[in-house]
Amino acid sequence: MTRRWVGSLLTVSLLLGMGSLAPRVGAETVLVQGRLSDTFPLWTIPLLLGVLGIGATIKQHRKLGGTLIAAALVSAFVSPRLTPSYRVLAFANPRPEDPFNLPGTEAEVDALLELAPDSEIYRQDAATLEQFKRQSSRHRYLHLATHGCFQQLGCCLRGQEICEDEERRETDMQPNTLLFADEDYPLADAALLGLQDTQLVALTACQTALQTNLDGDAIMGMAYIWERAGARALMATLWNVDDQATEAVTTEFYRLVIEEGLTKAEALRQAKLSQSDRHPYFWSPLVLIGDPR
């Protein structure tokens, strides 16, 4: 394994071919000196590119700006790419009752199972934290189609009127947790999982890429924990999305990786392009952080 120590240098791949804006490394990487949050929050980049009048231009570029790769937190590392193995460990809809029900995620993992028949799928009552802890280090691809809560006061999933009533507010999830069938998982514990052989952790549910502080470093906090665990890349959502809205993008992403042999970055770019006739709200929240290969 080789390491490239970059200190405060933030490596961001905007995938637009804008070589004149910054030094380039390889064909896909744009290096940006300093903190993007001095200008605008890092997590807003896909929204800015997808909504503020750039959508039509993006399609003319070789790369789609909605696919954001922020590789490295304090240090970035590039590991030798392992022989592809697409046996995915997936968890979906762990609590199929209101307000936690995510029925679209079950269709999501069904499609994944068709693409990778040797995958292990846990849904509803079987999608337990115990199973996740036991199985996670044995798989190169982890797919968690469940709720994540990253609001400072916890998450209320039952309606805005309940969330705004401070006298009777009862949170459905604690801050910085992921939902499983048996219990919620404190995200900080993920750093201890031992995922050195994991190529990708995919979190395709509500707010999974948002920490409680929504500045330019927010998304990096999530990525840092999974990097500490050993995972090479993280795919997550930047804002609340309907569970069915991400199904088409994630299914096409895995098809392109598994059947076409594309890199993760290119697969996510093309998966988003396949949905680009819809409003960017539906396809732009998914981002890739880490090793783009």
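Going by my numbering, the sequence shown opens with residue 1, and the numbers climb by one from there. Backbone N, C-alpha and C fix where the C-beta goes; we use that ideal spot for every residue, glycine too. As the structure is a computational prediction, the values presented were derived from the model and not from experiment.
Check your understanding: What did DSSP end up calling Glu120 once you bin it into helix, strand or coil?
Key -> strand
Check your understanding: What's the call for Leu192, buried or exposed, on a 16-neighbour Cβ count within 10 Å?
Key -> exposed
Exercise for review: Assign Ala236 to one of three DSSP states: helix, strand, or coil.
Suggested key: strand
Review point. Any idea what DSSP makes of Ala127, helix, strand or coil?
Key: coil
Exercise for review: Express the C-alpha separation of Lys272 and His279 in angstroms, rounding to a whole number.
Suggested key: 11 angstroms
Review point. In three-state terms, what does DSSP make of Leu192?
Key: helix
Review point. By a C-beta neighbour count over all protein chains shown, 10 Å radius and 16 as the cutoff for buried, is Ser85 buried or exposed?
Key: exposed
Review point. When you compare only the Cα positions, how much space is there between Leu113 and Gln131?
Key: Leu113 and Gln131: Cα-Cα distance of roughly 18 angstroms.
Practice item. Mark Asn240 as exposed unless 16 or more other C-beta atoms lie within 10 angstroms of its C-beta, in which case mark it buried. Key: exposed
Exercise for review: Give me the Cα-Cα distance between Ala127 and Met222, rounded to the nearest whole angstrom.
Suggested key: 22 angstroms
Practice item. Report all residues from its chain with a CB closer than 6 angstroms to the CB of Leu144; omit the five preceding and five following residues, and keep chain order. Key: Phe91 and Leu203
Check your understanding: Are three or more beta carbon pairs between the region 139-155 and the region 171-180 nearer than 8 angstroms?
Key -> yes
Exercise for review: Quick one: grab the DSSP three-state call for Met1.
Suggested key: Bear in mind that a pLDDT of 42 at Met1, under 50, signals an unreliable position, so the number given afterwards is only what the model happens to contain. In this structure, Met1 counts as coil in the three-state DSSP scheme.
Exercise for review: Could you name the residues that DSSP lists as bridge partners for Gly177?
Suggested key: For the sequence presented, residue 177 should be read as Thr rather than Gly. Looking at the DSSP assignment, Thr177 forms a beta bridge with Cys149 and Pro186.
Check your understanding: With respect to the beta strand (DSSP E) encompassing Phe91, which residues constitute its N-terminal and C-terminal limits?
Key -> Where Phe91 is concerned, the enclosing beta strand (DSSP E) starts and stops at Val88 to Ala92.
Exercise for review: Could you tell me whether any non-hydrogen atom of the ligand COA is closer than 6 angstroms to the CB of Ser119?
Suggested key: Although the ligand COA was asked about, the structure shown includes no ligands whatsoever.
Check your understanding: DSSP beta-bridge partners for Gly221?
Key -> DSSP lists no partner for Gly221.
Review point. Name the DSSP beta bridge partners of Tyr141, please?
Key: Val88 and Leu200
Exercise for review: Report the rounded CA-to-CA distance for Ile58 versus Ser276, giving the unit in angstroms.
Suggested key: Low per-residue confidence applies at Ile58: pLDDT is 37, beneath 50, and the placement is therefore not dependable, though the value from the model is reported in the following sentence. So the alpha carbons of these two residues sit roughly 10 angstroms apart.
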